[in-house]
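**Student:**
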Amino acid sequence: MPSSFQAVAAFIVALVPGALYFWSYERIAGRWGANLTDRLFRFLGASALFHAVLAPATYWFWAEQWPHVVAGDRLSFWLWPAVLAYVVVPLLGGTIVGYGTRDRTWWATIATGPDPAPRAWDHLFHGKRDGWVRLKLKSGTWIGGAYATSDEDNLMSYTAGYPEDQDLFLSTTIDVDPDSGEFILDDDGRARVAPRSGLLVRWEEVEYLQFIRIDVLPAEPGPRTQSDQGTIDHDDEGTGDATAEQYPVSDGP
0 MPSSFQAVAA FIVALVPGAL YFWSYERIAG RWGANLTDRL FRFLGASALF
50 HAVLAPATYW FWAEQWPHVV AGDRLSFWLW PAVLAYVVVP LLGGTIVGYG
100 TRDRTWWATI ATGPDPAPRA WDHLFHGKRD GWVRLKLKSG TWIGGAYATS
150 DEDNLMSYTA GYPEDQDLFL STTIDVDPDS GEFILDDDGR ARVAPRSGLL
200 VRWEEVEYLQ FIRIDVLPAE PGPRTQSDQG TIDHDDEGTG DATAEQYPVS
250 DGP
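Quick note: the sequence shown uses numbering that gives the first Met the number 0, first residue 0, plus one each step.
1) For the structure I just gave you, are there three or more beta carbon pairs, one from the stretch 14 to 24 and one from the stretch 35 to 55, closer than 8 Å?
2) Assuming Thr172 is part of the alpha helix (DSSP H), what are its boundary residues?
3) According to DSSP, simplified to helix, strand and coil, what is Gln209?
4) Determine the burial state of Pro113: buried for a count of at least 16 other Cβ atoms within 10 Å of its Cβ, exposed for fewer.
5) Please classify Ile11 as buried or exposed, where buried requires at least 16 neighbouring CB atoms within 10 angstroms.
6) Can you tell me whether Gly112 is helix, strand or coil according to DSSP?
7) Terminal residues of the continuous beta strand (DSSP E) containing Ala56?
8) What three-state label does DSSP hand Gly99 in the structure shown?
9) What do you get for His67, buried or exposed, if any count of 16 or more other CB atoms within 10 angstroms of its CB means buried?
10) Please state the DSSP three-state secondary structure of Ala8.
11) Need the endpoints of the alpha helix (DSSP H) that Leu136 sits in, please.
12) Looking at C-alpha atoms only, which residue of Gly71, Thr104, Thr111, Ala56 is the closest neighbour of Trp31?
13) Are there three or more Cβ pairs, one per stretch, closer than 8 Å when the stretch 140 to 151 is compared with the stretch 191 to 198?
14) Rounded to a whole number of angstroms, what is the C-alpha to C-alpha distance between Leu48 and Ile109?
15) If you follow the beta strand (DSSP E) that Trp141 is part of, which residue opens it and which one closes it?
16) Based on Cα-Cα distance, which residue from Ala13, Gln64, Glu63, Gly29 lies nearest to Ala51?
17) In three-state DSSP terms, what is Pro194?
18) How do the stretch 186 to 193 and the stretch 151 to 164 stand: do at least 3 beta-carbon pairs fall below 8 Å, yes or no?
19) Just checking my contact of Ala147 with Ile213 at CB under 8 Å: how many whole Å lie between their CB atoms?
20) On the criterion of 16 or more Cβ atoms from any shown chain inside 10 Å, does Asp166 qualify as buried, or is it exposed?
21) Which two residues bound the contiguous alpha helix (DSSP H) that contains Asp121?
22) Touching or not, the stretch 52 to 63 and the stretch 100 to 109, by the rule of three or more beta carbon pairs under 8 Å?
23) Considering only the alpha carbon of each residue, which of Ile211, Val88, Ala9, Arg26 lies closest to Val132?
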């Protein structure tokens, strides 16, 4: 019968694959565990899956190698790649699923479920998604920017993920009417982009956020937020044929 120390060691070893899997997954996709109890159940579930797959190797180790470990005998060289696989396989699996979640691939939902993001904020902004953002502040002023990578200095837009405060950095500022929120156009009918300027916004200052997907806007010369002339194509209303998603945050100040 195993001793108390062996029982504790076996319990810790049993949790390690799940812990490694979720550590590598959250390193890529975001730290979305709700609380300690929730994370513990996730560790147990993932570990159970890994142990079920590797059950033949586990039996071989317990029946053939563990007596040599207890007796202090010289161990087989093949234990080293077995231990390495015990660590690498969960890390690799979590990393692959993390990238799949960030890229919104269908196969990643097999492991994460259809709605892995804990908040609408994380669902909207995680992964590779370029677009135009218009924000109405609680002060009543409208501001706008591009959620993408700036062509001028390769500066990337960024959002804080769960469970941190919902800060938003837009790498490029778009000129909008501060009272109506309409994009201000140049003589060619293109929205004006302020050169080398970004926006850092705190979520508690925002009343409404409108996200306009870039993939359905007639941007030139390609599906980038910023053209060589520092302008963005829009129609007179500022939304073109885009799909706009608007999220109310509060009832205002």
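Note that CB positions come from ideal geometry on N, CA and C, so glycine has one too.
Nothing here was measured: the structure is a model prediction, and the numbers come from that model.
**Tutor:** If we stick to the structure as given:
1) yes
2) Counting along the chain, Thr172 falls outside any alpha helix (DSSP H), though it belongs to the beta strand (DSSP E) covering 171 to 173.
3) strand
4) exposed
5) exposed
6) coil
7) Taken as a continuous stretch (DSSP letters only), Ala56 belongs to no beta strand (DSSP E), being part of the alpha helix (DSSP H) at 54 to 59.
8) helix
9) exposed
10) helix
11) Element bounds for Leu136: not the alpha helix (DSSP H) but the beta strand (DSSP E), 130 to 136.
12) Thr111
13) yes
14) 13 Å
15) 141 to 146
16) Ala13
17) coil
18) no
19) 7 Å
20) exposed
21) 119 to 124
22) no
23) Ile211
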